[in-house]
Each structure stands twice: as structure tokens, then as C-alpha cells.
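Asks: Sharing a structure with you now.
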Amino acid sequence: MEPTHEMQIGELAQICQTTTRTLRYYEDIGLIEPLRRLDGGFRVYGPETVTRIRHIQELKELLGWSLEEVRGVVQAEDAVESLRSQYRQSRTDQERLAVVKQATGIIEGQLARVEERIDRLAQMRQRLQAKLTRYAELEEELAAHIRSQEGSV
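For the sequence shown, counting from 1, position 86 maps to 92 in our numbering; every step adds exactly one.
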């Protein structure tokens, strides 16, 4: 269940099953940002930060993306969100069209990155399958050789 309240960094780390050090690093590189700081510099985060951190974790863990790649995705998503706001505020169809073209370009870039990763994973899969086939053949050859030696004794 997602939290519905503001929280400090320790609670956020606990909810997201990460460390405060990681969250500070994410802030340093621009992946997350606190809503505000309390007296003494304590960070306060909104519940939407939990969603963002889980998304970051998913990109890193499930897709194997580096933090640099994750930052590119997050920045692109932020840009698209900003464009949504611009679209709603646009007064003419020409303005809306320009916004849609920008958003399309951003999404196409993200899709190209995903497709590149899929291609690389598919190549890796093929290499691993070829190795597995070679090892299965070698295993069968060795087993047959052992059986023939046992039969000749």
C-alpha cells in the first residue's frame, strides 16, 4: 500500500527498502527531489516519491539499466509530463500540434532505447543458447564414451 502522507528520508528509505545514502545519492544526481527541507536541513518527501523510487528500482533491477540510463528515462518522463501541462494550457491547435510533436519525439527516443536493449538481450540469449547446445552435445559425447569404455572392460 502506497503512503498518503509526507515523510522524512528514513521512512522513505524503509518503505522503498533502500538506504538513506542511496536516496541522498539519487537526489544528488537529480533522480528525486524533496518537497522541502525542515529546519536543520531535514528532507521531506511526498508520497509520489515512493512511486518514482520504485520505478527507478524497476528500471535498474528488472531491465538492468545503469543510473545514467535511468536518469535519461526519468528526465524524458518528466519532460513528457511538462508537455502534458503545456498541451492543456495551449490555446491553438498549432500550439497543441507542436507540443504533441515534441512528446512524440521524446517517446520515440525512449522506445529506441528499449528496443536497443531488447536487441542486445536477444543477442545474448542466442549466444547462451548456442553454448547450451554445445555443452549438451559434449555431455552426450562424453556419456557415450564412458558407456563404451565401461562396456569394453
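Yeah, the Cβ is synthetic: ideal placement off N, Cα and C, and Gly gets one too.
Looking only at its chain, what residues have a beta carbon closer than 8 Å to the beta carbon of residue 102, apart from the 5 residues adjacent to it on each side?
Replies: Position 96 of the sequence shown, counted from the start, is the residue given in the question as residue 102. Correct list, in chain order: 93, 96.
Asks: Can you tell me whether DSSP reads residue 97 as helix, strand or coil?
Replies: Start at 1 with the first residue of the sequence shown, and residue 97 comes out as number 91. Reduced to three states, the DSSP call for residue 97 is coil.
Asks: Check for me: the alpha helix (DSSP H) holding residue 57 runs from which residue to which?
Replies: As a working mapping, residue 57 is identified with position 51 in the sequence shown. 54 to 67 is the extent of the alpha helix (DSSP H) around residue 57.
Asks: Taking 8 Å as the threshold, find out whether the region 50 to 61 comes into contact with the region 21 to 33 through three or more Cβ pairs.
Replies: Yes: at least three Cβ pairs fall under 8 Å.
Asks: DSSP state of residue 108, grouped into three classes?
Replies: Sequence index remark: in the sequence shown, residue 108 carries index 102 (1-based). Of the three classes helix, strand and coil, the one that applies to residue 108 here is helix, per DSSP.
Asks: Buried or exposed for residue 126, please, with buried defined as at least 16 other CB atoms from any protein chain shown within 10 angstroms of its CB.
Replies: The sequence position of residue 126 within the sequence shown is 120, counting from 1. Classification for residue 126: exposed.
Asks: Between the Cα of residue 69 and those of 122, 109, 141, 105, spot the shortest distance and give me the residue it belongs to.
Replies: As a working note, residue 69 is residue 63 in the sequence shown. Of the listed residues, the one whose Cα sits closest to residue 69 is 122.
Asks: What is the DSSP secondary structure of residue 132, counted as helix, strand or coil?
Replies: Position 126 of the sequence shown, counted from the start, is the residue given in the question as residue 132. Here residue 132 sits in helix by DSSP.
Asks: Three or more beta-carbon pairs under 8 Å between the region 133 to 145 and the region 77 to 86, yes or no?
Replies: Short answer: they don't touch.
Asks: Ends of the alpha helix (DSSP H) at residue 34?
Replies: In the sequence shown, the residue the question calls residue 34 occupies position 28. Residues 26 to 34.
Asks: Tell me which residues share the same chain as residue 112 and place their Cβ nearer than 6 Å to its Cβ, disregarding the 5 neighbours each side in the sequence.
Replies: Stepping through the sequence shown from its first residue, residue 112 is reached at position 106. The residues are 82, 85, 86.
Asks: Pick helix, strand or coil for residue 226, following the three-state DSSP scheme.
Replies: Residue numbering for the chain in the displayed model covers 7 to 159; residue 226 lies beyond these limits and cannot be assessed.
Asks: Compute the distance between the beta-carbons of residue 50 and residue 37, then report whether it is under 7 Å.
Replies: Residue numbering aside, residue 50 sits at position 44 when the sequence shown is read from its first letter. Residue numbering aside, residue 37 sits at position 31 when the sequence shown is read from its first letter. It is not a contact, given that the beta carbons lie outside the stated cut-off.
Asks: Any idea which residues DSSP pairs residue 14 with across the strands?
Replies: To locate residue 14, count along the sequence shown from 1; it is residue 8. Answer by DSSP bridge pairing, in chain order: 50.
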